[in-house]
Amino acid sequence: MKPGCFVGVISVKRALDREVMNRHVMTVMVRDQGFPSNKNFTRVTVTVRDENDHAPLFVSGVTETSIFESSAVGTSVAQLSAVDQDRGSNAEISYSIVSGKHTNIDTSFPDPSSPAPVTLV
Ligand SMILES: [Ca+2]
Ligand SMILES: [Ca+2]
341 MKPGCFVGVI SVKRALDREV MNRHVMTVMV RDQGFPSNKN FTRVTVTVRD ENDHAPLFVS
401 GVTETSIFES SAVGTSVAQL SAVDQDRGSN AEISYSIVSG KHTNIDTSFP DPSSPAPVTL
461 V
């Protein structure tokens, strides 16, 4: 550090939430103690990086549907949609059936960002 250089620190006062505000732009002033004092200003931009602090949420509640027993293999049974407030890989969603009798039903993911159709296999 150069002689005569004084350090000012900007610190977090309250918890940050990227999903509420992902960028904080502020103007910081430096002032000497002379009389009259001299001042200078600079702009500081703080970007809040994402943490995986949100679970995916299904857009609709419980889904109940029906299908004819004669339905062809590949027939769509239901489409489910979910959202995740995080960003990037923290917001990527995949679907899987984790319980229930479903040996003839499976999920497919033609596009991870689109609703997940549940189809007969
Ligand atoms: Ca997430
Ligand atoms: Ca987040």
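Numbering of the sequence shown is given in our numbering, commencing with residue 341 and proceeding in unit increments.
Idealized CB from N, CA, C, for every residue including glycine.
Because the structure is a prediction, the values reported are computed rather than measured.
Whole-angstrom distance between residue j and residue i, CA atom to CA atom
i    : j    : result
R358 : F381 : 26 Å
V386 : I407 : 52 Å
C345 : L356 : 30 Å
T443 : V360 : 42 Å
E391 : R363 : 15 Å
Y435 : T415 : 18 Å
V365 : V388 : 11 Å
Closest by C-alpha distance to residue i, when choosing among the options
i    : options                : result
D424 : A418, V388, E432       : E432
R383 : S436, C345, M369, L420 : M369
E409 : T459, A395, G348, G428 : T459
A456 : D372, S400, F375       : S400
For residue i, the residue or residues it bridges with in DSSP
i    : result
N380 : V370
Span of the beta strand (DSSP E), counted from its first residue to its last, around residue i
i    : result
L356 : Here L356 belongs to no beta strand (DSSP E), and DSSP marks it neither H nor E.
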